[in-house]
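Accompanying notes for the structure given below.
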């Protein structure tokens, strides 16, 4: 923030000057200035006190309104608006070169997801450690009924089609025993696949790509996640605008009262200036007190600590729940392995175990090759392995509930996040505002200045 603050001041000053330029040019004109002074002096003695008394309340409304607008601009719209100007959206930014806006979180969903994944993988979870919690036998026992049906159908269909002479030449009892043996060994196949997966999970699962892709394709879930995790803080931002705005408004009221009595021609810029200051400062202060100070500090007997950081236990629990619900759950993990970055490696893992399974199910590989030929045997094996791999997406969902419970991602993330140092925990929510907070602050200032202009001409001019 320190690097950006000078630019923030420059941008704020430039915006304020632009907002009051028309007023300044008008008062520079002799006739315009004379008319203005006459009206002000004429109204000076008759301005009722209640109009001055309204200033703190208007400032409170400005503080509240600008903070609400800042929050809305953080989350919405989910897609760039207006759509016909989307081509001009600045890459990686919520605004467009020709105007328009996309919520900060939706526009940076992928980037924010990367930050959170880095936090999780470096501070909270080791994906290999997580997968070692699976019990291959338990996994196999849950999925085996599904796999048995698939195995029976695959063996009977493929052998009857690809090697009819061999298959029909076998006695019925032998055929049934062969299929029964294959079905019995399907549980062993599943155990082998899970054991292999536990050992080589880094090779077949790209957790970062999975979470980032889900975030980009489901911006609404990302928005809802941040809204729920930071619900208390966002309410604080809204309400703090009222308190800070009213406090600034009291100063504004006193200053403007004396200026209006003794130099009324200066009031034309004073209310817009204070309006800008109120809108700017309420946003600035609200964002700061949420995350600062990171560590508790005692000042004059009062403990100061970032509002968000005080709720570490509560926030950790909610974050862990939503993380598993929307992102790191068994369904998404398997979807990534089967169709994601390392899908070829995952397929190779399943295939090598399925090939071993087929050889065991046939019994004597040498005899089978002598009867139907080595080339035909390999062709049949390849077909059956292909069908086994293709059946995985249909069979594995029955294990999701077990996996979610066994992996314990929600519990692990919650427990370890609650123990994070404050400086690391602050990174959970702060990235939402950090990169673009100056835009929200300046927008608050501009809205405050416009309100000040309207207030001056409606109540005092």
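Numbering (UniProt numbering), first residue to last: 1 to 461.
Beta carbons are placed, not taken as given, at the ideal position from N, Cα and C, and that holds for glycine.
Distance between residue j and residue i (C-alpha atoms, nearest Å)
i, j, result
"residue 298", "residue 286", "20 Å"
"residue 152", "residue 426", "54 Å"
"residue 292", "residue 136", "47 Å"
"residue 498", "residue 210", "No answer is possible for residue 498: it lies beyond the span of the chain, which begins at 1 and ends at 461."
"residue 391", "residue 384", "11 Å"
"residue 207", "residue 458", "58 Å"
"residue 146", "residue 214", "28 Å"
"residue 445", "residue 344", "53 Å"
"residue 48", "residue 272", "20 Å"
"residue 65", "residue 423", "31 Å"
"residue 183", "residue 110", "44 Å"
"residue 139", "residue 406", "10 Å"
"residue 188", "residue 72", "54 Å"
"residue 295", "residue 237", "20 Å"
"residue 485", "residue 335", "Residue 485 lies beyond the stretch modelled for the chain, which goes from 1 to 461, so this question has no answer here."
"residue 279", "residue 124", "38 Å"
"residue 455", "residue 420", "48 Å"
Own chain residues within Cβ distance below 8 Å of residue i, not counting five before or after
i, result
"residue 44", "Note that residue 44 scores 49 on pLDDT, short of 50, meaning its location in the model is unreliable; the coordinates nonetheless yield the value given after this. Counting only Cβ-Cβ distances below 8 Å, and skipping sequence neighbours, we find 260, 261, 264."
"residue 24", "Caution is warranted here: a pLDDT of 44 is assigned to residue 24, below 50, making its placement in the model unreliable, and no coordinate value can be reported."
"residue 60", "241, 242, 243, 245, 246, 249"
"residue 69", "443, 444, 447"
Beta-carbon proximity list for residue i, same chain, < 7 Å, skipping 5 on both sides
i, result
"residue 201", "127, 128, 131"
"residue 228", "318, 322"
"residue 143", "190, 395, 396, 398, 399"
"residue 221", "326"
"residue 97", "88, 90"
"residue 355", "381, 385"
"residue 198", "131, 132, 134"
"residue 497", "Residue 497 falls outside the range modelled here, since the chain spans only 1 to 461, and no answer is possible."
"residue 316", "414, 417, 418"
Start and end residues, alpha helix (DSSP H) containing residue i
i, result
"residue 287", "267 to 291"
"residue 321", "312 to 326"
"residue 298", "Looking at the DSSP string, residue 298 is not in any alpha helix (DSSP H); the run it does join, the beta strand (DSSP E), is 297 to 299."
"residue 362", "343 to 362"
"residue 101", "Neither: residue 101 is in no alpha helix (DSSP H) and is coded neither H nor E."
"residue 150", "136 to 162"
Other residues of its chain near residue i: CB distance less than 6 Å, five sequence neighbours each side excluded
i, result
"residue 450", "none"
"residue 54", "none"
"residue 76", "103"
Host beta strand (DSSP E) of residue i (start-end)
i, result
"residue 302", "302 to 304"
Outcome for residue i when other beta-carbon atoms lying within 10 angstroms are tallied against a minimum of 16
i, result
"residue 468", "Nothing can be reported for residue 468, as the shown portion of the chain is limited to 1 through 461."
"residue 401", "exposed"
"residue 283", "buried"
"residue 463", "For residue 463 there is no data in the structure shown, the boundaries of the chain being 1 and 461."
"residue 252", "buried"
"residue 288", "exposed"
"residue 163", "buried"
"residue 231", "exposed"
"residue 258", "exposed"
"residue 441", "buried"
"residue 92", "exposed"
Any non-hydrogen atom of the ligand PLP closer than 8 Å to residue i Cβ
i, result
"residue 244", "Looking for the ligand PLP in the displayed structure turns up nothing, as the structure carries no ligands at all."
### Query
Looking at C-beta atoms only, is the number of pairs between the stretch 299 to 319 and the stretch 172 to 191 that lie closer than 8 Å three or more?
Of all C-beta pairs linking the stretch 299 to 319 to the stretch 172 to 191, fewer than three are shorter than 8 Å, placing the two stretches out of contact.
### Message
Under 8 Å, with one C-beta from each stretch per pair, do the stretch 109 to 127 and the stretch 417 to 431 reach the 3-pair mark?
### Response
Contact between the stretch 109 to 127 and the stretch 417 to 431 is present: three or more C-beta pairs spanning the two stretches fall below 8 Å.
### Message
With a threshold of 8 Å, are at least 3 pairs of Cβ atoms found where one atom belongs to the stretch 167 to 174 and the other to the stretch 350 to 360?
### Response
Counting Cβ pairs under 8 Å, fewer than three are found: no touch.
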